[in-house]
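In our numbering, the protein residues as written are 41 to 371. For each residue, glycine too, the CB sits at the ideal point set by N, CA and C. Below is one structure, written out as structure tokens; comments come after it.
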Amino acid sequence: MLSSVEASKKRSAAYAHLRNCNLCPRLCGVNRYEKTGMCLIGAETVKVNVIAPHFGEEPCIQGHNGSGAVFFSGCNLRCVFCQNHDIAHQRNGQDLTPEELGEWYMKLQTVGRVHNINLITPEHVVPQVVLSILHARDLGLNIPIIYNTSAFDSLASIELMDGLVDIYLPDFKVWKDSTSKRLLKADNYTAVAMESVKAMHAQVGDLCFTPDGIAKKGLFVRHLVMPGKEDEGEEIMRWIASNVSRDAFINIMEQYHPDAHVGKPSRRHINDTVASEPGTEPMDQQKASKVRYEEINRHVTADEISTVRKAAESAGLWRFCDPPRHDGFSI
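What follows is the structure in structure tokens.
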């Protein structure tokens with residue numbers, strides 16, 4: 041627990057960052073009281089799309105009663121395949137002050153009886169999140185806080201969250217700069233993710249559990265395997281084993297599906313009508329059949345998942361979030 045002096049310093053730092061925002065690697069530097077940056081979110085409030093007990097997480101996160109999910113609108117990445125694009129890429133939702141947000145945490149704890157507060161995509165609203173947690177703790181919040189992130193976090197953000205977060209849940213997405221530039225619209229993603237994941241682990245260590253298998257504190261790394269990108273997953277697993285911990289808890293996820301911009305008609309072909317040669321399909325129809333991001337316009341295969349898993353095991357990783365083989369929880 042933070043002392044009153046430490047909590048006061050956190051509040052002051054949060055307000056200062058909002059006036060010169062550098063709390064994500066975009067480093068917009070804007071005064072969010074006056075205008076918005078890449079994330080499109082200001083200073084006074086946050087936009088929250090959904091607040092509710094959530095049963096779509098890993099067994100050790102959702103437990104018996106669900107995880108207290110807070111889905112923030114907006115994002116500092118622009119993933120073309122975003123599985124939550126209707127939330128992350130839009131400014132939909134309810135405007136809440138940090139105090140109102142903290143009161144919602146209390147409702148989740150006392151009424152929902154959830155196992156944790158799960159802050160989903162909070163990278164761009166870290167100052168408001170800090171203020172909300174401090175307010176909720178004053179009201180009696182005592183369940184773990186999960187920082188559920190894309191791993192595109194600045195070290196300043198991770199430092200500001202120190203002492204407030206119990207579980208860091210980063211999704212380490214891709215390895216190659218060319219991939220992150222094309223698919224995430226962030227050419228420095230990998231370097232940033234490596235720094236932030238190491239900083240997260242330095243704060244909370246390896247993931248530990250309650251006696252009944254609910255995550256209590258530590259680092260939990262996700263990786264969503266992408267079609268044709270299993271080599272990048274292999275590199276991520278090797279890096280975690282060598283640079284973070286061989287005891288890191290890992291979820292190699294297989295639920296990728298084409299979404300958001302993937303599979304949509306390519307813009308440059310939609311209105312492009314060109315005369316075709318006799319006996320061939322009209323060129324405009326040929327071109328219109330082209331889709332955006334065709335290389336990831338499919339589901340992943342069992343072989344791709346297996347390749348990443350084998351690389352993880354070969355690197356010495358051994359703690360995986362596998363589907364439970366019984367009615368309890370898998371740790």
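Can you tell which of Gln123, Val151, Gly180 and Gln168 has the C-alpha that lies nearest to the C-alpha of Ala53?
Nearest C-alpha to Ala53: Gln168.
Cα-Cα, which of Gly103, Val244 and Cys119 is closest to Cys79?
Cys119 is the residue among Gly103, Val244 and Cys119 whose C-alpha sits nearest the C-alpha of Cys79.
Member of Arg222, Asp217, Lys225 and Pro162 whose CA lies at the smallest distance from the CA of Ala231:
Ala231 has its Cα closest to that of Asp217, out of Arg222, Asp217, Lys225 and Pro162.
Expressed to the nearest angstrom, what Euclidean distance is found between the alpha-carbon atoms of Cys61 and Gly106?
Cα to Cα, Cys61 sits roughly 33 Å from Gly106.
In the DSSP assignment, what are the bridge partners of Ala134?
Note on residue identity: the sequence assigns Gln, not Ala, to residue 134. Per DSSP, Val88.
Between the beta-carbon of Arg278 and the beta-carbon of Ala355, is there less than 8 Å?
It is a contact, given that the beta carbons lie within the stated cut-off.
Could you check whether the stretch 238-257 touches the stretch 192-209, counting it as contact only if at least three pairs of C-beta atoms, one from each stretch, sit closer than 8 Å?
Yes, the stretch 238-257 touches the stretch 192-209.
Which value, in whole angstroms, describes the spacing of the CA atoms of His155 and Asp362?
Going from the Cα of His155 to the Cα of Asp362 covers about 20 Å.
Considering only residues of the stretch 150-186, which uninterrupted alpha helix (DSSP H) runs meet the minimum length of 4 residues and lie entirely inside it, listed in chain order?
Counting only runs of 4 or more residues that sit fully inside the stretch 150-186, the alpha helix (DSSP H) segments are 166-179, in chain order.
Beta carbon of Ser236 nearer than 8 Å to that of Leu63:
Between Ser236 and Leu63, the CB-CB gap reaches or exceeds 8 Å.
Please classify Pro305: is it buried, with 16 or more other beta-carbons within 10 angstroms of its beta-carbon, or exposed?
It is exposed - the Cβ of Pro305 has fewer than 16 other Cβ atoms within 10 Å.
Under the three-state DSSP convention, the category Leu2 falls into:
Absent from the structure is residue 2, since the part of the chain shown begins at 41 and ends at 371.
Assign Ala109 to one of three DSSP states: helix, strand, or coil.
Strand, per DSSP.
To which residues of the same chain is Asp135 closer than 7 Å at the C-beta, ignoring the five residues directly before and after it?
Short of 7 Å from the beta carbon of Asp135, and not among the five residues preceding or following it, lie these beta carbons of its own chain, in chain order: Thr85 and Lys87.
With 16 other CB atoms within 10 Å as the buried threshold, where does Phe289 fall?
It counts as buried.
Count the other CB atoms, across all protein chains shown, that sit within 10 Å of the CB of Lys49; report buried if there are 16 or more and exposed otherwise.
The residue is exposed, with fewer than 16 neighbouring Cβ atoms inside 10 Å.
Is the stretch 146-164 in contact with the stretch 98-105, if contact means three or more CB pairs nearer than 8 Å?
Judged by Cβ distances under 8 Å, the stretch 146-164 makes contact with the stretch 98-105, as three or more pairs qualify.
Can you name, in chain order, every residue of its own chain whose Cβ lies under 6 Å from the Cβ of Phe111, other than the five neighbours on each side?
Cβ within range, chain order: Asn89, Val90, Ile127 and Ile160.
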